[in-house]
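Following: one structure in C-alpha cells, then a few remarks.
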Amino acid sequence: MTENIENTENKNSEIAESTPQAEAQALAEQLMSVMDNMEGFLSEETTLLQSGEFSTVAKQTEVKNNIVKQYEALLQEIASKKDVLKSMEDQKLKDKILARADNFSHVIRKNYYALQSASISAKRVTERITKAIQNKVQAEKQATYNAKGILNNGNAAAMTDGAY
C-alpha cells in the first residue's frame, strides 16, 4: 500500500504540467486509485473487526491514517480544480467514478458499523468486568453471621475474638 501512496504523490507533480482534459483524466484516475487503496484497507479492517482481531486492527492505525490523509489531500486538490473536472469529456470515466463512489460508500458504511459494533462489544466487556469487581468487593465487605454469632467472612474477625 505504501508504494501506491508514493505513486500517487508522484502523479500529483505530473498533473500540474498537462492540459485541462489530461489533468481531469489524471485526477479521476488518481481518485479511483486512492479509493481502491482505501477500500482494500477498509475491507481488510472490517474482516479483522468481525473476527475479533482487535489488536491487529490497532496495529494498523498509522497505515490507515496515512491513507486517509492522502485521500483528504486529493479531495482538497480536486475541490480546488472543480472547473478542470467539469471539462472532462469522457462519459465512461465519469460513470465509472460514480459507480466506484457508490461502492466505496458501501465499504465505508460497512466498516463504520463494524467499528461501532466493536466499540459496543468493548464497552459491554468493560461493564461486565467492572460489575464483577464491584460485586466481589461488595461481597467481601458485607458482614454475615452464622447461628453462633461468628462472621462468615473469612477476612474479618469474629465478635468473640479479642479484637472487639
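In terms of the numbering used here, the sequence shown opens at residue 1 and continues consecutively. Where a beta carbon is used, it is the ideal one built from N, C-alpha and C, also for glycine.
One question on the structure: do residue i and residue j come within less than 8 Å of each other, judged by their Cβ atoms?
i      : j      : result
Met35  : Ile67  : no
Val63  : Ala24  : no
Leu49  : Ala114 : yes
Val107 : Leu42  : yes
Glu77  : Gln21  : no
Assign residue i to buried or exposed, taking buried as 16 or more other Cβ atoms, counted over all protein chains shown, within 10 Å of its Cβ.
i      : result
Phe54  : exposed
Leu74  : buried
Val125 : exposed
Arg70  : Here the sequence assigns Gln to residue 70, which means Arg is not the residue at that position. Buried, because 16 or more other Cβ atoms sit within 10 Å of the Cβ of Gln70.
Leu27  : buried
Val137 : exposed
Ile129 : exposed
Ile120 : exposed
Rounded C-beta distance between residue i and residue j? I'm assuming under 8 Å.
i     : j      : result
Thr46 : Asn103 : Not confirmed; about 14 Å, so no contact.
So what does DSSP say about residue i, is it helix, strand or coil?
i      : result
Ser87  : coil
Gly40  : helix
Glu72  : helix
Gln60  : coil
Thr19  : coil
Ser80  : helix
Tyr164 : Confidence in Tyr164 is poor, its pLDDT being 45 and thus under 50, which makes the residue's placement unreliable; the coordinate value appears in the next sentence. Three-state DSSP puts Tyr164 in coil, outside helix and strand.
Met29  : Note that residue 29 corresponds to Glu in the displayed sequence, not to Met. In the structure shown, Glu29 sits in a helix (DSSP, three-state: H, G or I).
Ser119 : helix
Ser51  : coil
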